[in-house]
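Everything below concerns the one structure shown next.
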Amino acid sequence: MANKEKLEKTRHSLAHLLAAAVLELYPKALPTIGPTIENGFYYDFDFGHIKISEEALPKIEKMMRKILPSWHSYEERELNRIDAKKEYRENPYKKELIDEIAEKKEKITFYKFGKFEDLCRGGHLKNPAEEIDPEAFRLLSVAGAYWKGDEKNKMLTRIYAAAFESKKELEAHLLTLEEAKKRDHRKLGKELDLFVFSELVGAGLPLWTPKGTLVRHLLDDFVWQLRKERGYERVEIPHLTKKNLYEKSGHWAKFGDDLFRIKTREGHEFAIKPMNCPHHTQIFARKTWSYKEMPQRYADTTMVYRDEQTGELHGLSRVRSITQDDAHVFCREKQAKEEAMKIWDIVETFYKTFGFELKVKLSIHDKDNMDRFMGDVSGWEKAVEDFKSWIEEKGAEYGLGVGEAAFYGPKIDFIAKDSLGREWQVATIQIDRSMPESFDLYCINEKNEKERVVMLHAAIMGSIERFLSVYLEHSAGIFPLWLSPEQIFILPVAKDHNAFAWQTCNKLRKAGLRVRVDDNSEPLGKKIRRTKISKIPYYMVIGGNEMTSDKLKIEDRNGKAEEMDLKNLIEKLKKEIESRS
RNA sequence: GCCGACCUAGCUCAAUGGCAGAGCAACGGUAUCGUAAACCGUAGGUUCUGGGUUCAAGUCCCAGGGUCGGCUCCA
Numbered sequence: 004m005a006n007k008e009k010l011e012k013t014r015h016s017l018a019h020l021l022a023a024a025v026l027e028l029y030p031k032a033l034p035t036i037g038p039t040i041e042n043g044f045y046y047d048f049d050f051g052h053i054k055i056s057e058e059a060l061p062k063i064e065k066m067m068r069k070i071l072p073s074w075h076s077y078e079e080r081e082l083n084r085i086d087a088k089k090e091y092r093e094n095p096y097k098k099e100l101i102d103e104i105a106e107k108k109e110k111i112t113f114y115k116f117g118k119f120e121d122l123c124r125g126g127h128l129k130n131p132a133e134e135i136d137p138e139a140f141r142l143l144s145v146a147g148a149y150w151k152g153d154e155k156n157k158m159l160t161r162i163y164a165a166a167f168e169s170k171k172e173l174e175a176h177l178l179t180l181e182e183a184k185k186r187d188h189r190k191l192g193k194e195l196d197l198f199v200f201s202e203l204v205g206a207g208l209p210l211w212t213p214k215g216t217l218v219r220h221l222l223d224d225f226v227w228q229l230r231k232e233r234g235y236e237r238v239e240i241p242h243l244t245k246k247n248l249y250e251k252s253g254h255w256a257k258f259g260d261d262l263f264r265i266k267t268r269e270g271h272e273f274a275i276k277p278m279n280c281p282h283h284t285q286i287f288a289r290k291t292w293s294y295k296e297m298p299q300r301y302a303d304t305t306m307v308y309r310d311e312q313t314g315e316l317h318g319l320s321r322v323r324s325i326t327q328d329d330a331h332v333f334c335r336e337k338q339a340k341e342e343a344m345k346i347w348d349i350v351e352t353f354y355k356t357f358g359f360e361l362k363v364k365l366s367i368h369d370k371d372n373m374d375r376f377m378g379d380v381s382g383w384e385k386a387v388e389d390f391k392s393w394i395e396e397k398g399a400e401y402g403l404g405v406g407e408a409a410f411y412g413p414k415i416d417f418i419a420k421d422s423l424g425r426e427w428q429v430a431t432i433q434i435d436r437s438m439p440e441s442f443d444l445y446c447i448n449e450k451n452e453k454e455r456v457v458m459l460h461a462a463i464m465g466s467i468e469r470f471l472s473v474y475l476e477h478s479a480g481i482f483p484l485w486l487s488p489e490q491i492f493i494l495p496v497a498k499d500h501n502a503f504a505w506q507t508c509n510k511l512r513k514a515g516l517r518v519r520v521d522d523n524s525e526p527l528g529k530k531i532r533r534t535k536i537s538k539i540p541y542y543m544v545i546g547g548n549e550m551t552s553d554k555l556k557i558e559d560r561n562g563k564a565e566e567m568d569l570k571n572l573i574e575k576l577k578k579e580i581e582s583r584s
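Residue numbers (our numbering): 4 to 584.
Printed below as a string of structure tokens:
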């Protein structure tokens with residue numbers, strides 16, 4: 004038996020074992036479904052009025068280990084719909100499943116291990132008692148989950164477990180989880196002093212410290228540099244708008260509850276912007292454009308605000324105030340491809356710099372569900388075909404996201420993976436023929452006719468918050484020199500060396516470097532320790548030796564030391580910053 | 001929003017319903033030291049907020065806020 008298949012069967016059998024143990028301890032609990040997942044399995048139960056918390060897990064786990072030795076084989080039987088439902092008089096969930104299986108004209112089968120029988124399509128180990136290592140699984144957590152994943156349904160209690168073939172693999176997995184915890188961007192953000200949240204300000208509204216603000220600007224400057232080279236211009240817009248703008252763009256209806264709304268004292272309705280495109284259309288619409296002036300490319304790094312549900316907020320990855328590095332290109336139909344490819348260029352350059360591998364996803368409409376999308380199917384199909392041919396020309400592999408398009412057009416989404424294996428959509432290129440229509444955006448072409456323009460939406464980071472959350476976990480907070488809010492620590496050995504340390508510091512600062520002198524009256528060992536913990540790219544100790552020679556000794560955070568004079572040092576560091584390595 | 005857990009000093013965490021504490025950080029002093037933690041001292045608290053039970057609440061109950069693990073959602 005292939006390893007993968009055996010692991011699958013192990014997990015599946017363990018899910019049954021979990022249900023058996025739960026029923027042993029909580030006879031009134033109603034088991035529902037228990038599939039295998041990456042790294043383990045889960046099982047959803049309706050515990051009725053009993054509250055199950057994580058404290059119960061060791062007890063359940065113990066019961067699983069107690070039952071396991073008696074599971075030497077299983078019995079299988081097939082029942083008809085009526086008899087099958089008789090087995091579950093008290094359990095509406097299983098009855099529902101039985102009906103579904105019957106509707107699909109599939110066999111209704113039951114599998115019995117020991118005294119525990121469960122509705123199941125099969126796929127178990129023949130002899131769990133012999134084949135399962137009782138030390139190779141662990142119940143991890145308890146969570147709520149809607150029956151069938153539908154929020155209109157009752158919320159069940161889900162028990163998650165990790166399971167492998169050997170104890171060693173389980174321990175390796177648990178260690179990976181520990182590692183991921185250390186890299187959690189919320190923890191690193193605090194340690195690196197980049198951002199904070201305040202209960203007074205509110206959930207999902209990060210406040211940026213001086214260091215965090217510096218990092219944000221450095222990232223944005225990088226994007227801006229790449230855009231500027233490609234003919235973009237900066238624009239700025241207010242963060243509010245009258246309702247009218249969004250009624251015209253279609254956002255008022257589509258955004259619904261996610262929009263922060265404001266009523267003025269005169270009774271007018273305003274909204275805080277959840278996106279920037281409609282504002283930007285009004286900058287474009289300020290005059291009549293000649294085809295010779297196209298494209299117009301507007302870049303704007305600015306915050307948008309979305310009233311996300313509190314339970315969905317998560318560190319920087321899901322917030323209510325979101326900084327988009329947004330840009331909109333207004334161009335002629337025939338220019339769209341070239342402009343899209345320019346954006347793709349920027350995306351590639353940007354992410355390569357940080358060592359990210361990107362996956363490409365083409366997010367398209369859902370032709371069976373067109374009420375979520377503006378325009379007709381044929382317009383969408385043309386737009387999707389355009390994108391497909393561009394992506395293929397580019398030679399990129401891509402997946403399809405059916406129904407995941409923006410309501411105004413398809414998107415090429417770029418996806419980065421974080422240390423926890425979660426995938427985050429970061430950059431996006433979107434093509435929009437709908438908003439130019441709504442706002443009547445055109446240029447005058449060679450034949451002196453009005454020509455409808457198309458609009459490209461392009462975010463490189465997507466949002467600075469989300470990018471930083473992914474990048475913090477990707478880098479574990481080890482920032483390259485150019486992005487480090489502090490670049491060099493200078494550690495004077497004793498107070499006699501403070502003045503010289505400050506002189507050196509000021510020379511480096513004058514050269515544009517971000518330097519700090521640690522002139523606390525503490526032993527050198529303590530300063531070194533603090534430095535080593537801090538993730539600072541470089542530090543140097545300054546004492547009598549340095550004061551009497553023109554050599555400085557600089558050490559990087561990997562412990563590699565070099566000696567050189569100040570001029571060469573500045574040159575070396577500047578080079579490293581410029582190359583963004 | 002929903003299910004469950006949690007919230008104590010700037011940070012990490014203690015404290016059977018019975019005097020709110022430690023380490024680190026901060027501040028003051030002594031020491032001025034060459035590669036991972038000098039020594040002594042001082043200060044620091046609406047125990048998330050509001051209400052309730054109790055002779056007595058950080059601890060128990062209710063409501064709200066926030067955080068965490070998930071679910072649902074994410075134009």
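Each residue gets a CB set at the ideal place from its N, CA and C atoms; glycine is no exception.
Any idea which residues DSSP pairs residue i with across the strands?
i: Asp49; result: Leu33
i: Met567; result: Leu555
i: Met306; result: Thr326
i: Ile447; result: Ser293, Lys453
i: Asp416; result: Lys364, Thr431
i: Ser144; result: Tyr163
i: Ile265; result: Phe273
i: Ile545; result: Pro495
i: Met648; result: Residue 648 cannot be examined here, being either before or after the span of the chain that is shown, 4 to 584.
i: Phe198; result: Trp211
i: Glu79; result: Tyr114
Quick check on the DSSP output: the alpha helix (DSSP H) that includes residue i runs from which residue to which?
i: Gln338; result: Run containing Gln338: none; DSSP gives neither H nor E here.
i: Glu11; result: 6-28
i: Trp383; result: 380-397
i: Leu471; result: 467-478
i: Asp102; result: 95-106
i: His282; result: 280-287
i: Ala514; result: Here Ala514 belongs to no alpha helix (DSSP H), and DSSP marks it neither H nor E.
So, at 6 Å on beta carbons, what are the nonlocal neighbours of residue i in its own chain, with the 5 sequence-adjacent residues on each side left out?
i: Ile432; result: Ala343, Ile346, Ile415, Ala461
i: Lys110; result: Glu81
i: Ala23; result: Ile70, Phe119
Cβ-heavy atom distance between residue i and the ligand SAM below 8 Å?
i: Val322; result: The ligand SAM is absent from the structure shown, which contains no ligand whatsoever.
List the endpoints of the continuous beta strand (DSSP E) containing residue i.
i: His242; result: Counting along the chain, His242 falls outside any beta strand (DSSP E), and DSSP gives it neither H nor E.
i: Pro495; result: 491-495
i: Glu41; result: Segment: none, Glu41 is in no beta strand (DSSP E) and carries neither H nor E.
With DSSP collapsed to three states, give me the class of residue i.
i: Met458; result: strand
i: Asp328; result: strand
i: Phe119; result: strand
i: Thr112; result: strand
i: Trp211; result: strand
i: His317; result: strand
i: Tyr401; result: strand
i: Val520; result: strand
i: Glu440; result: helix
i: Ala409; result: strand
i: Ile3; result: Any property of residue 3 remains undetermined from this structure, which presents the chain solely from 4 to 584.
Leaving aside the five residues before and after residue i along the sequence, list all residues of the same chain whose C-beta is less than 8 Å from its C-beta, in chain order.
i: Ala564; result: Lys556, Ile557, Glu558
i: Glu407; result: Lys364, Ser366, Ile367, Lys414, Asp416
i: Ala386; result: Gly412, Pro413, Ile434, Arg436
i: Glu449; result: Tyr294
i: His19; result: Gly37, Tyr114, Phe116, Phe119, Asp121, Cys123, His127
Report all residues from its chain with a CB closer than 7 Å to the CB of residue i; omit the five preceding and five following residues, and keep chain order.
i: Arg268; result: none
i: Asn130; result: His75, Ser76
*Taking contact to mean at least 3 C-beta pairs separated by less than 8 Å, is the segment 53-60 in contact with the segment 92-106?*
no
_Stretch-stretch touch, CB-based, cutoff 8 Å, three pairs: the segment 195-210 with the segment 261-270_ = no
*Spell out a yes or no on whether the segment 479-488 and the segment 303-312 are touching, meaning 3 or more CB-CB pairs, one atom from each, closer than 8 Å.*
no
*asked:* Contact between the segment 327-344 and the segment 274-287 is defined here as three or more beta-carbon pairs at a separation below 8 Å; is this criterion met?
replied: yes
*Quick one: any contact between the segment 168-184 and the segment 56-67, if contact means 3 or more CB pairs under 8 Å?*
no
*For the 8 Å Cβ check, are there 3 or more pairs between the segment 155-174 and the segment 136-144?*
yes
*Are three or more beta carbon pairs between the segment 395-413 and the segment 355-364 nearer than 8 Å?*
yes
_I'd like to know if the segment 456-471 and the segment 495-506 are in contact, where contact means that at least 3 CB-CB pairs between them fall below 8 Å._
no
*Determine contact between the segment 39-53 and the segment 158-166, defined as no fewer than three beta-carbon pairs at a distance below 8 Å.*
yes
*Give a yes or no on contact between the segment 512-531 and the segment 218-235, applying the rule of three or more CB pairs nearer than 8 Å.*
no
*Determine, using beta-carbon pairs with one atom in the segment 230-239 and one in the segment 202-222, whether at least three such pairs fall under 8 Å.*
no
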